[in-house]
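Structure record follows, encoded as structure tokens.
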Amino acid sequence: MTGLKSEFLQILTERDFIHQATDLAALDAKMSEGPISAYIGFDCTARSLHVGSLVQIMMLRWLQKSGHQPIVLMGGGTSKIGDPSGRDESRQLMTNEIIADNMAGIRTVFDRLLTLGDGKTDAVMVNNGEWLDALEYIPFLREVGTHFTINRMLTFDSVKLRLDREQPLTFLEFNYMILQAYDFMELGKRYGCALQMGGSDQWGNIVNGIELARRASSQHLFGLTTPLITTADGKKMGKTASGAIWLNEDHLPAYDFWQFWRNTQDADVGKFLRLFTEIPMNEVRRLEALEGAEINDAKIILANAVTALIRGEEAARLAEATAKETFEQGGAGADLPTVTVPGAALEAGINVVDLFVEAGLGASKGEVRRLIKQGGAKLNDEKVTDTESTVTSSALAGGQIKLSAGKKRHALVRPE
RNA sequence: GGAGGGGUUGGGGAGCGGUCAAACCCAUCAGACUGUAAAUCUGACGCCUCAGGCUUCACAGGUUCGAAUCCUGUCCCCUCCA
Numbered sequence: 000m001t002g003l004k005s006e007f008l009q010i011l012t013e014r015d016f017i018h019q020a021t022d023l024a025a026l027d028a029k030m031s032e033g034p035i036s037a038y039i040g041f042d043c044t045a046r047s048l049h050v051g052s053l054v055q056i057m058m059l060r061w062l063q064k065s066g067h068q069p070i071v072l073m074g075g076g077t078s079k080i081g082d083p084s085g086r087d088e089s090r091q092l093m094t095n096e097i098i099a100d101n102m103a104g105i106r107t108v109f110d111r112l113l114t115l116g117d118g119k120t121d122a123v124m125v126n127n128g129e130w131l132d133a134l135e136y137i138p139f140l141r142e143v144g145t146h147f148t149i150n151r152m153l154t155f156d157s158v159k160l161r162l163d164r165e166q167p168l169t170f171l172e173f174n175y176m177i178l179q180a181y182d183f184m185e186l187g188k189r190y191g192c193a194l195q196m197g198g199s200d201q202w203g204n205i206v207n208g209i210e211l212a213r214r215a216s217s218q219h220l221f222g223l224t225t226p227l228i229t230t231a232d233g234k235k236m237g238k239t240a241s242g243a244i245w246l247n248e249d250h251l252p253a254y255d256f257w258q259f260w261r262n263t264q265d266a267d268v269g270k271f272l273r274l275f276t277e278i279p280m281n282e283v284r285r286l287e288a289l290e291g292a293e294i295n296d297a298k299i300i301l302a303n304a305v306t307a308l309i310r311g312e313e314a315a316r317l318a319e320a321t322a323k324e325t326f327e328q329g330g331a332g333a334d335l336p337t338v339t340v341p342g343a344a345l346e347a348g349i350n351v352v353d354l355f356v357e358a359g360l361g362a363s364k365g366e367v368r369r370l371i372k373q374g375g376a377k378l379n380d381e382k383v384t385d386t387e388s389t390v391t392s393s394a395l396a397g398g399q400i401k402l403s404a405g406k407k408r409h410a411l412v413r414p415e
């Protein structure tokens with residue numbers, strides 16, 4: 000993997016972004032000659048992307064930083080079909096309104112991380128609905144359909160997996176890979192896009208696009224995939240108890256986002272620093288070499304860097320300060336989740352159990368009772384022992400009450 | 001269209017008239033140990049007015065003192081044949 004000339008590919012190699020690539024040498028030559036355009040497709044099945052897409056986003060960022068043009072392809076058209084890759088079951092079909100709304104939400108991340116505009120290396124956002132929605136069936140079949148054999152399509156993992164498990168795969172979904180291939184060809188024609196990147200599960204789709212473009216429009220395109228990012232214990236990254244780690248603030252508060260990175264396992268620190276931050280490699284190597292409790296410093300740096308990138312410097316600072324105050328000084332940081340209760344109600348006294356549920360530290364009263372019985376519930380850092388006890392305004396400390404469920408989950412209650 | 005098999009608490013999956021809020025595994029949560037890590041150990045894991053009560057085993061009825069378990073109908077899924 001040595002001897003690469005282009006800055007972009009050097010960075011990607013050094014930071015372990017590359018899993019597979021088609022003709023890396025030729026791509027390297029092309030990229031070191033001058034700027035190219037490259038794209039990554041994103042599904043718009045939700046209003047926000049989550050950390051699962053972060054590797055791809057970082058790649059686009061590096062691409063732009065090293066002087067090339069990123070194209071963010073929003074799957075407005077393909078979201079109406081649903082990628083069967085990695086899915087056992089068909090996705091629900093989405094309406095135009097939902098898709099448009101989702102695209103707007105997703106856009107906010109790219110606004111922050113890429114420079115979008117009209118300049119030579121300014122990123123562009125494109126919706127594949129632009130060309131897919133207007134396709135005419137017969138002409139499409141004649142232009143594109145002739146280049147695909149069913150024999151070959153059946154060998155692709157996304158298809159094979161479903162068939163092997165004897166699960167239904169609709170004709171609609173079966174067409175997904177053809178449309179994605181078509182996307183690549185169209186982007187090549189319209190924007191001079193020469194490279195598609197994506198997760199390793201996209202390899203088949205990407206290769207299809209390259210072949211289609213070669214046969215149907217004589218373009219020479221390239222593909223590159225990232226490895227599947229798993230945590231050290233082999234789990235898919237980005238899932239926690241409370242759900243996905245969303246990139247958008249309105250889906251997941253910055254404090255929780257920061258905590259996610261702070262709680263990275265030791266073994267993953269180096270990998271995450273490489274993939275999700277722009278910290279120079281010599282610094283990364285130093286940080287990942289830290290041992291014992293010292294590696295916690297590296298985790299804080301990781302959390303700060305990623306949070307600053309995705310949510311802004313200010314959000315990162317606030318989250319770190321709150322964490323410091325809460326965990327190291329046993330206090331209550333300002334950025335903790337806060338719930339307000341009517342002053343009068345607090346005056347009269349609220350049952351502890353109810354208060355915990357109110358604060359979102361338990362899904363049901365039963366859960367909170369259990370928490371208390373097991374000694375995991377704290378009020379102003381004192382263990383709650385009685386499920387029947389009542390909390391009144393006398394518990395206010397500095398105008399607020401701090402509730403804790405276990406060591407990591409905290410919330411503030413304020414009267415209003 | 002015909003013949004079978006099946007739908008159980010987040011996932012997987014037992015149970016097949018009472019001893020069933022329902023084994024076990026995973027996930028999750030808490031406690032201990034730690035470093036807001038991992039591993040390990042312990043406990044919990046439907047809801048509530050919690051030593052008691054209530055609602056659950058696709059849905060609607062029925063049989064029975066008593067049903068997740070038996071019967072009938074409906075919906076959904078799978079396999080095989082056409």
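Taking numbering that gives the first Met the number 0, the leading residue of the first sequence gets 0, the next gets one more, and so forth.
Ideal Cβ positions, reconstructed from N, Cα and C, are used throughout, including at glycine.
F275 and D385 have their C-alpha atoms spaced approximately 44 Å apart.
The alpha-carbon separation between D353 and K364 amounts to approximately 7 Å. Going by beta carbons, L48 and V125 fall outside the 8 Å limit.
Here Q328 is exposed. Its C-beta has fewer than 16 other C-beta atoms within 10 Å. Remark: C-beta atoms of L3 and Y38 do not approach each other more closely than 8 Å. Within the region 307-375, the complete alpha helix (DSSP H) segments at least 4 residues long are 312-322, 342-347, 351-357, 364-372, listed from N- to C-terminus. The DSSP-derived three-state label of A394 is helix.
Spatial neighbours of Q399 in its own chain (CB-CB distance under 6 Å, excluding positions within 5 residues in sequence) are listed in chain order as L411, R413. Note on F170: under 16 other CB atoms within 10 angstroms of its CB, so exposed under the neighbour-count rule. DSSP lists no bridge partner for M176. It is roughly 18 Å from the alpha-carbon of D265 to the alpha-carbon of I278.
Here A215 really is in contact with M184; their C-beta atoms are around 6 Å apart, less than 8 Å.
Within the same chain, Cβ atoms closer than 6 Å to the Cβ of F259 are found at I244, the five residues on either side in sequence being excluded. Excluding its 5 nearest sequence neighbours in each direction, K298 has C-beta neighbours in its own chain below 8 Å: W260, R261, N262, T263, V268, listed in chain order. At a Cβ-Cβ threshold of 8 Å, W257 and E319 count as neighbours. N247 and I105 have their alpha carbons spaced roughly 8 Å apart. Taken atom to atom, the span from the alpha-carbon of F355 to that of R408 is near 11 Å. Per DSSP, P138 lies in no beta strand (DSSP E); the unbroken alpha helix (DSSP H) holding it starts and ends at 136-142.
Closest in alpha carbon position to A344, among G330, S392, L378, K372, is S392. The C-beta of T229 has fewer than 16 other C-beta atoms within 10 Å across all chains shown, which makes the residue exposed.
The alpha-carbon separation between E287 and L140 amounts to approximately 52 Å. Rounded to the nearest whole angstrom, the C-alpha separation of Q63 and D200 is 24 Å. The residues L11, F16, I39, M196, T225, in chain order, have a CB closer than 8 Å to that of M58 in the same chain once the five nearest residues on each side in sequence are set aside. Restricted to the region 28-78, the alpha helix (DSSP H) segments that are unbroken, complete and at least 4 residues in length are 53-64, listed in chain order. Cβ-Cβ separation between D132 and G208: approximately 19 Å, too far for a contact (criterion under 8 Å). Taken atom to atom, the span from the alpha-carbon of E366 to that of H250 is near 24 Å. In the three-state DSSP reduction, A133 falls in the coil class, being neither helix nor strand.
Taking all protein chains in view, the Cβ of P69 is crowded by 16 or more other Cβ atoms within 10 Å, so the residue is classified as buried. Taking the Cα of A404 as reference, the smallest distance to any Cα among A362, E387, P252 is reached at A362. Out of E210, K159, E6, the CA that lies nearest to the CA of R60 is found in E6.
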